[in-house]
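Below: one structure, written as structure tokens.
Protein chains: 2
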Amino acid sequence: MVDPSWPVDARTTPALVQMLARSQATGLATRFAAAGHTDLRPGHAPLLVPLLAGGRHASDLAEELGVSRQAVAQTVAALEKGDYVERVTDPGDGRAKLIRLTPRGRSALRTMRATALAVEEQWRASLGEARLRELRTLLVMLLTEPG
Amino acid sequence: MVDPSWPVDARTTPALVQMLARSQATGLATRFAAAGHTDLRPGHAPLLVPLLAGGRHASDLAEELGVSRQAVAQTVAALEKGDYVERVTDPGDGRAKLIRLTPRGRSALRTMRATALAVEEQWRASLGEARLRELRTLLVMLLTEPG
DNA sequence: ACAGATTAGACAAGTAACTTGTCAAAATGC
DNA sequence: GCATTTTGACAAGTTACTTGTCTAATCTGT
Numbered sequence: 101m102v103d104p105s106w107p108v109d110a111r112t113t114p115a116l117v118q119m120l121a122r123s124q125a126t127g128l129a130t131r132f133a134a135a136g137h138t139d140l141r142p143g144h145a146p147l148l149v150p151l152l153a154g155g156r157h158a159s160d161l162a163e164e165l166g167v168s169r170q171a172v173a174q175t176v177a178a179l180e181k182g183d184y185v186e187r188v189t190d191p192g193d194g195r196a197k198l199i200r201l202t203p204r205g206r207s208a209l210r211t212m213r214a215t216a217l218a219v220e221e222q223w224r225a226s227l228g229e230a231r232l233r234e235l236r237t238l239l240v241m242l243l244t245e246p247g
Numbered sequence: 101m102v103d104p105s106w107p108v109d110a111r112t113t114p115a116l117v118q119m120l121a122r123s124q125a126t127g128l129a130t131r132f133a134a135a136g137h138t139d140l141r142p143g144h145a146p147l148l149v150p151l152l153a154g155g156r157h158a159s160d161l162a163e164e165l166g167v168s169r170q171a172v173a174q175t176v177a178a179l180e181k182g183d184y185v186e187r188v189t190d191p192g193d194g195r196a197k198l199i200r201l202t203p204r205g206r207s208a209l210r211t212m213r214a215t216a217l218a219v220e221e222q223w224r225a226s227l228g229e230a231r232l233r234e235l236r237t238l239l240v241m242l243l244t245e246p247g
């Protein structure tokens with residue numbers, strides 16, 4: 101269920117943020133497909149990102165992402181099938197598996213970042229450099245506030 | 101799958117928008133529950149909103165929201181069970197049902213708007229009036245741009 | 001050293017919010 | 001007045017999660 105097509109000006113500011121996030125998400129999936137990663141859904145990205153820093157355990161990822169371990173396990177299974185990640189037994193802990201990026205996974209992450217930067221570039225074109233920086237500042241303020 | 105807890109500053113601006121939208125959504129569900137609408141999920145709100153203007157057909161709602169008629173039908177069924185909306189046969193069209201807000205539905209919408217305004221107020225407290233207005237302006241610019 | 005608690009991940013099943021496909025009944029268009 | 005379209009219902013499938021239960025491996029206290 102998406103957003104009704106109301107006059108934008110009549111909406112609350114939080115609603116505007118939701119709308120913008122929505123419109124991004126749709127466009128992102130399109131760009132993914134265009135980049136040849138048809139089996140990579142937008143929801144997979146947040147899992148892939150922290151793997152850039154090195155192999156991680158599923159449990160650690162689950163805690164970091166704020167979801168259940170099963171959610172991670174299922175997503176990892178899908179990503180493994182698509183050759184984006186591989187799971188190898190942790191040499192230091194026989195129970196655990198290390199989830200690591202494959203070269204294809206790394207390539208997909210590059211595409212993702214490029215896509216995000218393309219959107220940012222589009223915003224820069226719409227707003228200008230100064231306003232884009234201002235937007236960034238405001239977003240960071242809201243994200244880092246105590247509440 | 102949510103966002104990894106990265107340093108905020110290292111992220112692209114579109115990613116920041118996603119993070120903010122996410123953090124809102126979680127907080128919103130909490131406030132709903134606190135207002136006694138435990139059976140009302142965040143996803144139901146977009147359907148309820150256009151009903152404020154009067155009874156609507158499910159098909160019209162589906163088109164307006166950009167989802168299938170079944171998605172609307174299923175959501176309406178849930179909302180009807182919770183006495184947020186009622187479905188009455190359209191006097192002018194025997195096939196169609198008019199979906200209308202009940203008093204409880206109207207009350208829920210008031211709660212929603214109040215919740216959104218509370219978040220906005222919190223943002224005002226964080227940013228100050230001038231910066232909040234600037235944020236609004238920037239969001240509206242991005243939402244109304246041609247692309 | 002070893003029983004007991006904890007932790008890692010697998011398997012099973014359930015839920016929410018959608019989707020497509022099919023269908024009957026009612027309305028509309030020549 | 002018959003063909004087409006529209007409306008909503010029913011059935012089933014998908015995605016992205018959830019909780020619950022289980023086994024195997026590791027850590028802890030004595």
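Residue numbers (our numbering), protein chains in the order written: chain A, 101 to 247; chain B, 101 to 247. For glycine and all other residues, C-beta sits at the position ideal for the given N, C-alpha and C.
Review point. Using 8 Å as the threshold, is the region 224 to 234 of chain A in touch with the region 154 to 167 of chain A, meaning 3 or more CB pairs across them?
Key: no
Check your understanding: Taking 7 Å as the line, does the beta carbon of V185/B fall inside it for any heavy atom of the ligand PLP?
Key -> No copy of the ligand PLP appears in this structure; indeed no ligand is present at all.
Practice item. May I ask you to list the residues that DSSP assigns as paired with E186/B? Key: R200/B
Practice item. On a CA-only basis, which of A178/B, R169/B, M119/B and E163/B is nearest P142/B? Give me that one, please. Key: A178/B
Exercise for review: Closer than 8 Å by beta-carbon distance: list the chain B residues that pair up with T202/A, in chain order.
Suggested key: The premise fails here: T202/A is roughly 19 Å from chain B at the closest Cβ pair, so nothing lies under 8 Å.
Check your understanding: Are T202/A and V185/A touching if we call contact CB-CB under 8 Å?
Key -> yes
**Study point:** Any chain A beta carbon closer than 8 Å to A216/B
**Key:** yes
Point to revise | With 16 other Cβ atoms within 10 Å as the buried cut-off, status of P191/B | key: exposed
Exercise for review: Report the residue from D193/A, A134/A, K181/A and A121/A whose alpha carbon sits nearest the alpha carbon of E220/A.
Suggested key: A121/A
Point to revise | Short CB-CB distance (under 8 Å) between T244/A and chain B | key: yes
Exercise for review: For Q118/A, go through chain B and note every residue whose CB falls closer than 8 Å to its CB, in chain order.
Suggested key: A121, Q124 and A125
Exercise for review: Please determine, among A134/B, L209/B, S226/B and A125/B, the residue with the shortest C-alpha to C-alpha distance to P150/B.
Suggested key: L209/B
Practice item. State the DSSP-derived secondary structure class of H137/B, mapped to helix, strand or coil. Key: coil
Practice item. Please compile the residues from chain A whose C-beta is within a distance smaller than 9 Å of the C-beta of S159/B. Key: None at all; the shortest Cβ gap to chain A is about 15 Å.
Practice item. Under 8 Å between beta-carbons, which chain B residues line up against L238/A? List them in chain order, please. Key: L227, R231, E234, L235 and L238
Exercise for review: Pull up the distance between the alpha-carbon of L140/B and that of D193/A, whole angstroms please.
Suggested key: 44 Å
Exercise for review: Would you mind telling me which residues of chain A sit closer than 7 Å to A220/B, beta carbon to beta carbon, in chain order?
Suggested key: The displayed chain sequence assigns Glu, not Ala, to residue 220/B. Result: T112, T113 and P114.
**Study point:** chain B within 8 Å of V176/A, Cβ atoms only
**Key:** no
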